[in-house]
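Sequential numbering from 431 applies to the sequence shown in the working numbering. Reviewing the structure listed below.
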Amino acid sequence: MGPTGTHAENAGHTANAGAAENSANVGAAAPGPPLAGCVALVTGASGGIGAATALALAREGAALALVARRAERLAELTDTIRARGGSCAAITADLRDGARARRSVAEAAERFGRLDVLVNNAGYVAMGALEEVGPEDLDRMVDLNLTAVLHLSRAALPHLLRAAEHGPRGVADLVAVSSVAGRVPRRGNSVYSATKHAVCAFSEALRQEVTGRGVRVGVVEPGLTSTEMATGAGLAAARGMAQESWLRAEDIARALTFMVTQPPHAAINEIMVRPTAQEH
Numbered sequence: 431m432g433p434t435g436t437h438a439e440n441a442g443h444t445a446n447a448g449a450a451e452n453s454a455n456v457g458a459a460a461p462g463p464p465l466a467g468c469v470a471l472v473t474g475a476s477g478g479i480g481a482a483t484a485l486a487l488a489r490e491g492a493a494l495a496l497v498a499r500r501a502e503r504l505a506e507l508t509d510t511i512r513a514r515g516g517s518c519a520a521i522t523a524d525l526r527d528g529a530r531a532r533r534s535v536a537e538a539a540e541r542f543g544r545l546d547v548l549v550n551n552a553g554y555v556a557m558g559a560l561e562e563v564g565p566e567d568l569d570r571m572v573d574l575n576l577t578a579v580l581h582l583s584r585a586a587l588p589h590l591l592r593a594a595e596h597g598p599r600g601v602a603d604l605v606a607v608s609s610v611a612g613r614v615p616r617r618g619n620s621v622y623s624a625t626k627h628a629v630c631a632f633s634e635a636l637r638q639e640v641t642g643r644g645v646r647v648g649v650v651e652p653g654l655t656s657t658e659m660a661t662g663a664g665l666a667a668a669r670g671m672a673q674e675s676w677l678r679a680e681d682i683a684r685a686l687t688f689m690v691t692q693p694p695h696a697a698i699n700e701i702m703v704r705p706t707a708q709e710h
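Structure below.
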């Protein structure tokens, strides 16, 4: 057969292959959200970064167990997520009580039958040099920023390991919301910096302990972020930076969601997010 016939024959094969591929694509189901079939527990979910993270994870298909002290605020967020078609449960708990923190994990696992993502977000900040921080504020920072993280992580780990082995993604995620202060301590927030530095150290050690078992451990370290907690702590006056230029809670939620929606072979272990105008 001459060149013309050969070209025509090849073109025919190409057209037929293309038609078959297009037909297959039309019939194929669109991929679902990356966290479909997964359950995420988010602490400190009644406002700020926690609430923004809950909404972001719900958009990615996760069912949510929301933990915080403020029941009314939790109920509002739960209603919002359900109105958007999501699945959600509210768990009212003061995480300074270690036993209650552990029970909140058990309640989430019992409610949904599994746990794939833990977001340790609940925290507290009181500005001041060590001599200025009262004993109650000191205890509260240590209890919420560090001790609660340890209790929650220990309680959640068996569930996360099972999810990694049997779940739809083949991995599970344990994320702590730390702070730039945990990496770059500054005068005037020594106690807060110490608690957040400890969270970073704990997270890295835990990452090494569970490497090869399917649980990814990550830390998100926000800089100045416009939240109710930061405003109440007087951070704007302490840092001398206009609050209009601070990060929004949604910025941190976006970074955290990026971390937990990576493919199973990829683990992002640390993300630091600062406002463009923040020096330290």
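Note that CB positions come from ideal geometry on N, CA and C, so glycine has one too.
Residue interval of the alpha helix (DSSP H) (run including residue i)
i	result
Arg646	Not the alpha helix (DSSP H): Arg646 falls in the beta strand (DSSP E), residues Val645 to Pro652.
Val690	Ala679 to Val690
Glu639	Ser620 to Val640
Ile479	Gly478 to Arg489
Nearest residue (CA-CA) to residue i, options the options
i	options	result
Arg526	Ser608, Val563, Leu580 and Cys630	Leu580
Ala498	Leu487, Pro652 and Ser476	Ser476
Arg514	Ala611, Leu485 and Asp569	Leu485
Val572	Asn619, Asp603 and Ala538	Asn619
Asp483	Gly467, Pro598 and Leu548	Note that residue 483 is Thr in the sequence shown here, rather than Asp. Nearest option by C-alpha distance: Leu548.
Ala505	Ala520, Ala495 and Gly516	Ala520
Asn550	Ala481, Ala488, Arg541 and Glu566	Ala481
Ala697	Arg704, Pro705, Phe688 and Val703	Phe688
Ser623	Ala683, Gly558 and Arg532	Gly558
Thr695	Ala493, Asp681, Arg599 and Glu651	For the sequence presented, residue 695 should be read as His rather than Thr. Closest option to His695, Cα to Cα, is Arg599.
Ala536	Arg500, Glu709 and Arg584	Arg584
Gly711	Val614, Arg512 and Glu595	Only positions 431 to 710 of the chain appear in this structure, which leaves residue 711 out of reach.
Ala466	Leu487, Glu639, Leu507 and Val649	Leu487
Gly564	Val621, Ile511 and Arg541	Val621
Ala556	Ser517, Leu494 and Thr625	Thr625
Glu674	Thr706, Ser609, Thr508 and Gln692	Thr706
Leu677	Glu651, Arg500 and Gly612	Glu651
Glu725	Glu709, Glu502 and Leu686	Here the chain covers residues 431 to 710 and nothing more, so residue 725 does not appear.
Assigned secondary structure, residue i (DSSP; H/G/I helix, E/B strand, else coil)
i	result
Ala458	Only weak support is given to the placement of Ala458: the predicted model assigns it a pLDDT of 49, under 50, and the value that follows is read from those uncertain coordinates. Ala458: coil per DSSP, three-state reduction.
Val703	strand
Leu507	helix
Ser656	strand
Gly432	Bear in mind that the predicted position of Gly432 carries a pLDDT of just 48, short of 50, making it unreliable; the figure below should be weighed with that in mind. In this structure, Gly432 counts as coil in the three-state DSSP scheme.
Ala611	helix
Ser453	For Ser453, the predicted model reports a pLDDT of 42, less than 50, meaning its position is unreliable; a value from the coordinates is still stated below. Correct three-state label for Ser453: helix.
Gly528	helix
Gln708	coil
Ala501	helix
Ala513	helix
Pro694	coil
Pro463	coil
Arg599	coil
Opening and closing residue of the beta strand (DSSP E) in which residue i lies
i	result
Val497	Ala493 to Ala498
Ala593	Where Ala593 is concerned, there is no enclosing beta strand (DSSP E), although the alpha helix (DSSP H) it sits in stretches over Ala578 to His596.
Ala475	No beta strand (DSSP E) holds Ala475; DSSP gives it neither H nor E.
Asp603	Ala602 to Val607
Cys468	Unbroken run through Cys468: none, as it is neither H nor E.
Ile698	Looking at the DSSP string, Ile698 is not in any beta strand (DSSP E), and its letter there is neither H nor E.
Ala519	Cys518 to Thr522
Whole-Å CB distance - residue i paired with residue j, under 8 Å assumed
i	j	result
Val469	Asp569	That pair is no contact at about 32 Å.
Ala602	Gly644	6 Å
Leu715	Val647	Examination of residue 715 is not possible in this model, given that the chain is present from 431 through 710 alone.
Arg530	Ala523	5 Å
Asp576	Ala628	According to the sequence as given, residue 576 is Leu; it is not Asp. With a Cβ gap of about 5 Å, Leu576 and Ala628 count as contacting.
Arg704	Gly653	3 Å
Ala679	Ile479	5 Å
Cys630	Val649	6 Å
Gly491	Pro461	That belief does not hold up - the Cβ atoms of Gly491 and Pro461 are roughly 11 Å apart, past 8 Å.
Ala501	Cys518	Incorrect: roughly 14 Å between the Cβ atoms, too far for contact.
Just to confirm the assignment: which complete beta strand (DSSP E) runs, minimum length 3, are found wholly within the stretch 530 to 574?
547 to 550
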